[in-house]
């Protein structure tokens, strides 16, 4: 069956909403817009930009995405209540195509212990929310039965039928806690579609969590049983163990077109660039053996494998690296590269320049990095841009001016740090168990805080002894989780950059708290 004859599979990306619920994965408004532009470029059908009532910041970010994106539907999550619906409706109002995604729990355990509501009241609330959204804001309303995989069949059929009658065009049956198993979940989806009298009037969707490592398998099983929308995230980002991975779902459908009678609109050549952007923004590195987007996804070390690939690629590769955006061109950026080459590569990676002055700032930083490193890779460019954006952020309280560290076997490591606040430099020195520990103690002398360091992660951005190190620092303060990132060829400097970035976010109140969880 040709792709033109196959059923369309709607790709609903929730990286900006459910993905952001990963502890420490908070995104600023500008970062959400950057990622949304790449998702639009990839031809994602629906972009869930956030949870409008969760915070003013989330509302503003959804509105900014709605004002920017033209080719994808922009969606906001909302609980089944008028206040949530109104907030979501206002956030998506500027969108060329907008959707409200409302939900309520339907499993016995959730209705009894979380909602403390009887089933009749749950149905009534769902219907009222859908009607309010449809009558006041948009005819594109999605309804989710939270914890559907643990809900009772008869009740699911009842509430879904009522939701469709109320005007819901999409019905989502999420595996909220990652409890489902593929054959069981697929059978549940099929049985519900067959059991709901008006099921032909809606698209059925699935949203699977990865607690048992089965999110993609469950989603694909549901597709084979009639689901025509899958909800997913870039890199499988999401709270707890994450969500179904967009890149894995899309490439499974594309590669195994003999098995799946569906086709997506996705342009997969932008997958790797989008993956790198999300990783850079969130500070969540992609594991090397991650399918599709991991550094080793198309690497072959076994002699037998190498010999086979050299003779005929398909012997050990079921898809080409180029098909998902891995670059095979030999253009190497270095200290002799011009402004046009740097601009072109960054635009391909999803970064747009608003002015020549912005380009000059980036190019000057590129030249400084090129003096330290012989070759500049995509990951270096993304880290460089993120660092410049952090440094130019008006909400940044402290600017890092200088770091000096000394270590000698047998002696206590020492470090001195100089920070600038309102144009005035302040310096402090400290000793520690290592150079990074000493530098952090020096920072704490300058920035007094009670936040607890919960994560310190170091990853080399590229290979080689001259590689930049990317450091992620996570702080927790009274329930707030703050992420900071820094990159440099010197790991101590990268660490201080990350620590100061996190503290600036803490002091400026940028961090997001997620009091309400979605599906």
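Residue numbers (the working numbering): 2 to 520. Note that beta-carbon positions come from the ideal geometry of N, C-alpha and C, so glycine has one too. Small disclaimer: the values here were computed from a predicted structure and weren't measured.
* CA-CA distance, residue 442 and residue 431? -> Each residue's Cα considered, the two are about 6 angstroms apart.
* To do: Can you check DSSP and say which residues form a bridge with residue 146?
  => According to DSSP, residue pairing for residue 146 in a beta bridge involves 105.
* To do: State yes or no: is the C-beta of residue 98 within less than 8 angstroms of the C-beta of residue 69?
  => No, the pair does not count as a contact, with Cβ atoms beyond the cut-off.
* alpha helix (DSSP H) segment containing residue 455, residue limits -> Residue 455 -> not in any alpha helix (DSSP H); beta strand (DSSP E) instead, spanning 453 to 461.
* Through-space distance from residue 122 to residue 314, alpha-carbon basis -> Its pLDDT being 47, under 50, residue 314 is placed unreliably in this model, and the value from its coordinates should be taken loosely. In this structure, the alpha-carbon of residue 314 lies about 59 angstroms from that of residue 122.
* Asked: Is it a yes or a no for the region 398 to 411 touching the region 356 to 376, going by three-plus beta-carbon pairs under 8 angstroms?
  -> Here the region 398 to 411 does not lie against the region 356 to 376, with fewer than 3 beta-carbon pairs under 8 angstroms apart.
* Asked: Which whole-angstrom value is the C-beta distance of residue 247 and residue 12, which I expect to be below 8 angstroms?
  -> 7 angstroms between Cβ atoms; contact.
* Quick one: what's residue 226 bridged to in DSSP? -> In the DSSP assignment, no residue is bridged to residue 226.
* To do: Could you tell me the boundaries of the beta strand (DSSP E) in which residue 483 lies?
  => Following the DSSP letters along the chain, one finds residue 483 inside the beta strand (DSSP E) bounded by residues 481 to 489.
* **Start-to-end residues for the beta strand (DSSP E) that takes in residue 427** => Unbroken beta strand (DSSP E) run through residue 427: 425 to 432.
* Cβ neighbour criterion (16 or more within 10 Å) applied to residue 117 -> Counting C-beta atoms within 10 angstroms of its own C-beta, residue 117 has fewer than 16 neighbours from the protein chains shown and is therefore classed as exposed.
* **Contact set for residue 446: own chain, Cβ-Cβ below 7 angstroms, skip 5 residues either direction** => If we look at residue 446 and ignore the five residues flanking it on each side, its Cβ neighbours are 429 and 431.
* Asked: Using CA coordinates, which residue listed in 343, 173 and 508 is at the minimum distance from residue 383?
  -> Cα-wise, what sits closest to residue 383 is 343.
* Member of 352, 279 and 48 whose CA lies at the smallest distance from the CA of residue 143 -> Comparing Cα-Cα distances from residue 143 to each of 352, 279 and 48, the minimum goes to 48.
* Spatial neighbours of residue 163 in its chain, beta-carbon cut-off 8 angstroms, leaving aside the 5 residues before and after -> Cβ neighbours of residue 163 beyond the five flanking positions: 124, 127 and 128.
* To do: Evaluate residue 256 with the Cβ neighbour count: other Cβ atoms within 10 Å of its Cβ, from every protein chain shown; 16 or more gives buried, anything less gives exposed.
  => Burial state of residue 256 is exposed, judged by a 10 Å Cβ sphere holding fewer than 16 other Cβ atoms.
* Asked: How do the region 466 to 485 and the region 493 to 504 stand: do at least 3 beta-carbon pairs fall below 8 angstroms, yes or no?
  -> Between the region 466 to 485 and the region 493 to 504, the count of C-beta pairs closer than 8 angstroms reaches three or more; the two stretches touch.
* Identify whether residue 301 lies in helix, strand or coil by the three-state DSSP scheme. => Low per-residue confidence applies at residue 301: pLDDT is 40, beneath 50, and the placement is therefore not dependable enough to give any value.
* Asked: How should residue 303 be labelled, buried or exposed, when 16 other C-beta atoms within 10 angstroms of its C-beta is the threshold for buried?
  -> In this prediction, residue 303 has a pLDDT of 39, which is less than 50 and means its spatial position is unreliable; what the coordinates show is noted afterwards. Answer is exposed; the Cβ neighbour count stays below 16.
* Just mark residue 1 as buried or exposed, buried being the case when its beta carbon has 16 or more other beta carbons within 10 Å. => The requested residue 1 is not part of the displayed model; the chain covers only 2 to 520.
* Figure out for me which residue from 109, 82 and 110 has the closest Cα to the Cα of residue 102. => Answer by Cα proximity: 82.
* Where does residue 258 sit, in a helix, a strand or coil, going by DSSP? -> Coil at residue 258, not helix or strand.
* What is the DSSP secondary structure of residue 183, reduced to helix, strand or coil? -> DSSP places residue 183 in helix when its eight states are reduced to three.
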